[in-house]
Amino acid sequence: MPTPREGTKCTVACNFCRLKKVKCNGARPCTNCTDHRENCVYPVVHQRTRKKANEANKMLEERLARMETLLQASMAAQAQAQTPTLNMSYQTPAATECQPFPGDMTGQTPTPTDFQRDLNLLRSPASMGQGGSPLNNVMRNDHSGDMGAPSLPRLSIPNNMLPHSPPQTASPQSSIRRMSNAMSDTFSGGGEMLEYQLPQHSNANVPEEAVVSPQMSNSEHHGPVSYLSICSSPGMKWVSERVGASDFAASASTLSLDVTRNLKMDRKISQQRAADPDPATAWKYTQAYFEESLDKVFGVVHRPMFEARLQAHFQQETIEEDSAWYALRNTVYASGCKIVHTKEDRPNAFVEAQEKAWSYFENALSVHTDLIYMRTGLSAVQALLAMAFFTEGLGNPALEYMLVSNALRLAQSKGLHRQPVETWNMREPEIQHRNWLFWAIYAYEKHIAYRSGRPSAIDDDDISSEIPTAVLEGSAINFDFFICVIKHAQIGSSIARELCSVKASKQTPEVIIQKAHEVERRLREWKDNIPPHLRPDLPFNQAYLPPGTHLYHIIYLHFAFYGSLIAIHSVFTYPWNTNGFTRNPTPAIREQINTSTQTVVDASRKIILATKYIDSNGSWPTWLTFFYPLLGLINVFIYVLKFPNQPSAPADIALMDVVAGHFGFLEFASNSKIAFPFTGEITSLARATVKKARERVVGGQEQQMDPPPPMTLVAEPQLQQSGVESLYSMSEFGGLDSMDIGLENWPSFLPSFSRVSSMAMNGLLGDEELDFIPMN
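Sequential numbering from 1 applies to the sequence shown in the UniProt record's numbering.
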């Protein structure tokens, strides 16, 4: 008879019962093993040893004591280090000086082993993301063997991190909680920060760009000329103060997440490849691409060569697939498919066209790696550039920034930026083809760099490729339009380099003003030299467009001119820029601020007035349907908040309603797949601000606001249109005093979607607060 197991409870089953997953009675042998004639073996039971609570508390007390000893030692070294310092605080609030520790605290300088353990205790995810905090640097220097070295950085510790009582009198739990809260506030940006002192240098007053932590590795940077600078922390703060409410922060967060989400794909490309369309459908898509797409005028794809190869593709039964041809063919299919199906008058036409076109584009994207890293010819460059143009279309993930960068690097690796010499033994048509292709990449890359506020990847001083003077036979290139676009791109490159770069921000206001005048002169000369049939003057004449010219090509030149004016003058007018121009404002600076303020709003009005010529078809590019209308809206919004009592305020709000209606129609045409409530929300904020300002005037409680701007300084013809004449015939409003304008806080980072689980936009519901991290 089996002997019963000692004890009243079976804590561990035998191996056989564990294997069969049956209940074991704990006997030796157990009944299951006896019935099945198995050897009953019980696993060895390892009893856990519990640490007593007082031992854990004692260990924490020792750690706190060692930490306080380290801080005291660092302050002792501070008294010996007297080198000149440069304040490089990580947060705007100034750090407080460290006070002496309680005199009854006695502790030995810890050993390197103890020091490393304390260093691990101090580290947090935030500090690790920044590559180590200043406090870590101090601790490493403390144990380097030279406590009084002149190079030792000076340390300022927040008061809330210092012990207010000896560790013997405070409970371990309270000490730990106090230290944890202080460190959490400090490293998360919610308290006074550590100051790391370095020797001074000549550019000490110029803030450097911050390094994005790994936690923000999915963020999208937008620079000074980006329309999203209003969504930076200084921009949101200024708007909230003007409207007297915090409603704008939520609207700005929604806009930024809308834009950021669209800059990357939501999911990986499908592993299933879409089959080629039948020949009839393929030719229909090809014809739509070469006859109706806006980017055909750049001649990226040579129609006779493409159609000849497509004909051969359908005639041959077995074809050795070339990655470049596969990508180029499917990109043409994708563009033509979207053009054809978005014009169909039926429900969900936009959604179905988008899904079908994207399946062809995924085919092209599947060989993206082959195009870059395998041996290819110019057709790979053409494919990458055509892919970039396709993703420019409304509703697509905005991948054009990366795709055009890939096309540029591949083109440079093949020497397209250099003019071929005689020793290369190239025929003239081949040289012309190379030059046209490079300048198409140049113009598009500069345009995207301007839109995003990011630096261009092209060095203008390292280009010898000549602007072509003839069009290849059979090419769809619109010579006059293409040349205008290239020359404007060169001017845009000068604007970015001379006014919007980090180097430019370190110049004196007088130098910046001088360069702004020079680049504006070049811009106006460019507009004056545009051929008459392309002249971007309102109202547009659609009756006499030459063959190969679309109305939207003229609208692009119109948007490009006024968008560049805004880029030039916005550095003087955005109120959340707080350095340089108003510390010691001279009459010349005041005059420039006056001029720039009026120039920006007049240019924005002209952009908005041109939106009535847009039919919001889903196949049109983002610059036409989204970027420029939103740019004009935001700048008119800023002007209304600055001067809500101006006679032009009602007309400006009406123009804002025009843009809101444009985006409302986009939402309707896309079956609500594209929605930007931001436009209607800021229009309502502007209307409420003007209403409150007028109520204050009527009630005799008008508060001190910015003085009105001077008379219009942008020389443009009067518009004979009902409801808008008053915008361009305003009389003198008076002088404008100094405004809080400067060159800091230009760039802003958009939030990482890994940090924001969801958001109330396009069907997403948000439950987290959005953080904008300025570059400085």
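From the three backbone atoms N, C-alpha and C, an ideal C-beta is built for every residue, glycine too.
Strand pairing of residue i, partner residues [DSSP]
i    : result
G393 : P621
Check whether residue i and residue j have beta carbons under 8 angstroms apart
i    : j    : result
A386 : V471 : no
T622 : E392 : yes
L437 : Q382 : yes
L263 : A398 : yes
S619 : V600 : no
F248 : L685 : yes
I491 : V519 : yes
G563 : L631 : yes
P677 : T281 : no
A669 : F350 : yes
F298 : S335 : no
Y544 : H553 : no
L228 : S256 : yes
T625 : M656 : no
I448 : L410 : no
A496 : S452 : no
T342 : F361 : no
N363 : A274 : yes
D370 : S323 : yes
I566 : A603 : yes
Extent of the continuous alpha helix (DSSP H) to which residue i belongs
i           : result
C337        : S323 to T342
P347        : Segment: none, P347 is in no alpha helix (DSSP H) and carries neither H nor E.
G680        : F678 to V698
R522        : P509 to D528
F559        : L551 to T573
G415        : Counting along the chain, G415 falls outside any alpha helix (DSSP H), and DSSP gives it neither H nor E.
M265        : It is not in any alpha helix (DSSP H) - M265 carries neither H nor E in the DSSP assignment.
A504        : V502 to S505
Y289        : P279 to E292
R590        : P587 to L609
D537        : That residue, D537, is in no alpha helix (DSSP H); it is neither H nor E in DSSP.
L630        : Y628 to K642
M305        : R303 to Q315
Q432        : E428 to S452
M656        : A649 to A669
P234        : S233 to V243
N15         : N15 to K20
Q490        : F479 to L499
residue 780 : As displayed, the chain neither begins before 1 nor continues past 776, which places residue 780 out of reach and without an answer.
Nearest candidate by alpha-carbon position, reference residue i, set the options
i           : options                   : result
T689        : I653, F626, H662 and L666 : I653
D615        : E291, L394 and I491       : L394
I269        : A693, A651 and L365       : L365
I573        : I230, L60, A56 and V44    : It should be noted that the sequence gives Thr, not Ile, for residue 573. Checked all of I230, L60, A56 and V44; the closest Cα to T573 is I230.
F479        : K296, V697 and R18        : K296
N635        : S670, Q598 and G664       : Q598
Q592        : V511, F668, I607 and F626 : V511
E355        : F298, K338, L310 and N425 : K338
F559        : T31, N32 and D537         : D537
K487        : S405, Y442 and I431       : Y442
S494        : S475, P531 and D459       : D459
P304        : E61, R454, A388 and E473  : E473
W576        : G26, Q412, S233 and K606  : S233
L523        : I568, H550, A388 and V502 : I568
E292        : V259, L551 and R375       : L551
Y450        : K21, L310 and Y628        : Y628
Y556        : R535, K21, V239 and G548  : R535
P587        : P509, R434, D528 and A603 : P509
A307        : P347, Q316 and Q287       : Note on residue identity: the sequence assigns Glu, not Ala, to residue 307. Comparing Cα-Cα distances from E307 to each of P347, Q316 and Q287, the minimum goes to Q287.
residue 779 : V340, V502, V239 and I607 : As shown, the chain starts at 1 and ends at 776. That puts residue 779 outside it, with no answer to give.
Segment contact flag, the segment 689–699 with the segment 638–654, C-beta cutoff 8 angstroms, min 3 pairs: Yes, they touch.
Stretch-stretch touch, CB-based, cutoff 8 angstroms, three pairs: the segment 322–336 with the segment 368–380: The answer is yes - the segment 368–380 touches the segment 322–336, with three or more Cβ pairs under 8 angstroms.
Segment contact, 8 angstroms Cβ cut-off, at least three pairs: the segment 454–467 with the segment 413–421: Yes, they touch.
Validate contact between the segment 7–22 and the segment 30–38 using beta carbons, cut 8 angstroms, 3 pairs: Per the Cβ contact rule, the segment 7–22 is in contact with the segment 30–38 (3 or more Cβ pairs under 8 angstroms).
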